[in-house]
Structure formats: structure tokens, C-alpha cells
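Report on the structure given below.
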Amino acid sequence: MRLSLTTILTVASLAVATVALALAADDAPPVRSVASVDAQRYAGTWYELARLPNSFQAKCEGNVTATYQPTGSGAIKVINRCREADSKWAVAVGRATPVRGDDSGAKLKVSFLPTWLRWMPVGRGDYWVVMLDDDYRYAVVSEPSREYLWILSRTPQLDSGIYDGIVARLRADGYPVNRLVQTPQPAAAPQVARNVPLI
Numbered sequence: 039m040r041l042s043l044t045t046i047l048t049v050a051s052l053a054v055a056t057v058a059l060a061l062a063a064d065d066a067p068p069v070r071s072v073a074s075v076d077a078q079r080y081a082g083t084w085y086e087l088a089r090l091p092n093s094f095q096a097k098c099e100g101n102v103t104a105t106y107q108p109t110g111s112g113a114i115k116v117i118n119r120c121r122e123a124d125s126k127w128a129v130a131v132g133r134a135t136p137v138r139g140d141d142s143g144a145k146l147k148v149s150f151l152p153t154w155l156r157w158m159p160v161g162r163g164d165y166w167v168v169m170l171d172d173d174y175r176y177a178v179v180s181e182p183s184r185e186y187l188w189i190l191s192r193t194p195q196l197d198s199g200i201y202d203g204i205v206a207r208l209r210a211d212g213y214p215v216n217r218l219v220q221t222p223q224p225a226a227a228p229q230v231a232r233n234v235p236l237i
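Going left to right, the sequence shown walks through residues 39 to 237 as the numbering used here numbers them.
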């Protein structure tokens with residue numbers, strides 16, 4: 039089978055682009071969390087403004103929120119919600135615990151496994167707060183590989199200048215911001231339906 043010149047050039051271009059992306063990722067500085075997070079100030083509901091695409095939120099169409107409730111044991115209860123295409127609410131409840139040996143409060147391990155399976159050393163994801171407003175108006179969450187990223191706000195909408203500044207900082211820090219997907223949110227905080235469980 040003979041390949042056309044166009045096909046060869048296309049394949050070569052893709053190969054060069056792939057190598058360039060890999061080298062860029064290698065050149066990016068290590069992911070760093072913020073110096074500290076006050077769990078009580080961080081508690082409550084955050085609105086997702088944008089995220090890098092991921093498989094576990096594939097059905098979420100909008101109205102994505104994350105609610106954090108500190109427990110007496112030092113862990114944090116996590117309640118994630120989103121509106122799916124059929125206008126039904128999807129809810130995931132998990133548990134976040136501080137990374138062992140780190141007392142900053144900025145590095146957590148999160149599990150959404152059933153309670154009776156959470157003792158297992160699997161199914162835990164990194165949750166690092168990598169950017170946090172001094173007044174806790176917005177936050178950015180990621181993890182060491184930069185594969186996952188969420189931009190969060192205390193309000194459904196954030197000033198466009200502030201948002202653009204966040205994205206610019208993330209770009210400078212080596213995050214693939216060109217892949218960010220903005221999350222549709224209502225103009226005002228919605229009233230959560232009574233039948234949405236808070237378990």
C-alpha cells in the first residue's frame with residue numbers, strides 16, 4: 039500500500055505535535071499546593087466554573103456544585119451535585135482526609151467508594167488546592183499530574199477579569215487551559231430540590 043504525501047505529512051505533523059506536548063509537560067514546574075487551607079473557611083458550597091474533561095462528570099450538563107462539611111474526626115464530607123441532560127440531579131457523596139504527614143490542609147485524598155469499602159488502599163484521588171483567594175471567593179483544585187483541574191467559586195458567576203487572571207496563572211504554571219470546559223451555572227444560586235439527598 040502506498041501512502042500519499044499528504045498522509046505522510048499529516049502523520050509526521052501529529053507525531054511532532056505529540057512530542058512537543060510531552061516535552062512541554064516535562065518542562066512544566068512541579069504542581070504545588072497553596073501554603074495552607076482553613077477547613078472551616080473552605081467549608082460550604084462551591085460552584086464549578088470550569089474543569090478539564092473527565093470521565094466521571096461526562097453526563098453533567100451544568101449546575102455543578104461541591105459542598106464540604108468538616109467532621110469532628112478531621113475528615114471532610116464531600117457532596118458533589120450536577121444537573122444531567124434529563125434535568126435530573128446526580129449526587130455523589132465521598133470523604134476527604136488530609137494527606138499523611140502534611141498539615142497544610144491543602145492536600146487531601148478523596149474517596150467516593152461505599153463507606154464499607156473505604157478502608158481499602160484503592161479508589162482514592164488526590165485533591166490539591168493549588169490556588170485560593172485570600173477571602174476564599176475562588177479556588178482551583180488539581181493534582182500532581184495536572185490531568186484533573188477544577189475552577190471553583192463561592193458564587194455561580196465570577197467577574198470575567200478575575201476568571202481570565204486565574205486562567206492566565208494556570209497557563210503560566212503549565213496547565214492545559216486550552217482544554218478547559220466552562221460549566222453552565224444559573225445567574226443566581228439555585229434552590230436545591232428537597233428530594234436531593236444529603237447523606
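We put the beta carbon where it would ideally sit given N, CA and C, even for glycine.
- Apart from sequence neighbours up to five positions away, the residues of its chain that approach R209 with a beta-carbon distance below 8 Å are V215, ordered along the chain.
- Taking V102 as the centre and dropping the five residues before and after it, the same chain places the C-beta of E86, C120, T221 closer than 6 Å to its C-beta, in chain order.
- For G199, no beta strand (DSSP E) segment is defined; the enclosing uninterrupted segment is the alpha helix (DSSP H) at 198 to 210.
- Rounded to the nearest angstrom, the gap between the Cα atoms of A134 and S71 is 16 Å.
- Rounded to whole angstroms, the separation of the alpha carbons of G132 and I114 is 9 Å.
- Between the alpha carbons of F94 and D211 lies a gap of roughly 25 Å.
- Residue environment analysis places N92 among the exposed positions, since fewer than 16 neighbouring C-beta atoms fall within 10 angstroms of its C-beta.
- At a Cβ-Cβ threshold of 7 Å, L187 and L90 count as neighbours.
- A residue is called buried when at least 16 other Cβ atoms come within 10 angstroms of its Cβ; V219 does not meet this threshold and is exposed.
- Between S74 and S125, the CB-CB gap reaches or exceeds 7 Å.
- Here Y186 carries a coil assignment [DSSP, helix/strand/coil].
- With a contact defined as Cβ atoms closer than 8 Å, N118 and A96 miss out at about 14 Å.
- Taking 7 Å as the cut-off, the Cβ atoms of Y165 and V179 count as close.
- Within the model, the alpha-carbon separation for P194 versus A225 is close to 6 Å.
- The criterion of a C-beta distance shorter than 7 Å is satisfied by Y176 and S191.
- Non-local C-beta neighbours of R207 in its own chain, meaning closer than 8 Å and more than five positions away in sequence, comprise M169, ordered along the chain.
- Setting aside the 5 residues that flank it on each side, A144 is surrounded in the same chain by S71, V72, V75, V167, each with a C-beta closer than 6 Å to its C-beta; the list follows chain order.
- Close CB contacts of R217 within its chain, under the 7 Å cut and outside five residues either way in sequence, are with L90, P91 (chain order).
- Residues A130, G132 of the same chain have their beta carbon placed closer than 6 Å to that of F150, with the five preceding and five following residues left out of the count.
- Distance from the Cα of A66 is smallest, within the candidate group R184, I204, W84, I189, for R184.
- Following the DSSP letters along the chain, one finds R133 inside the beta strand (DSSP E) bounded by residues 127 to 136.
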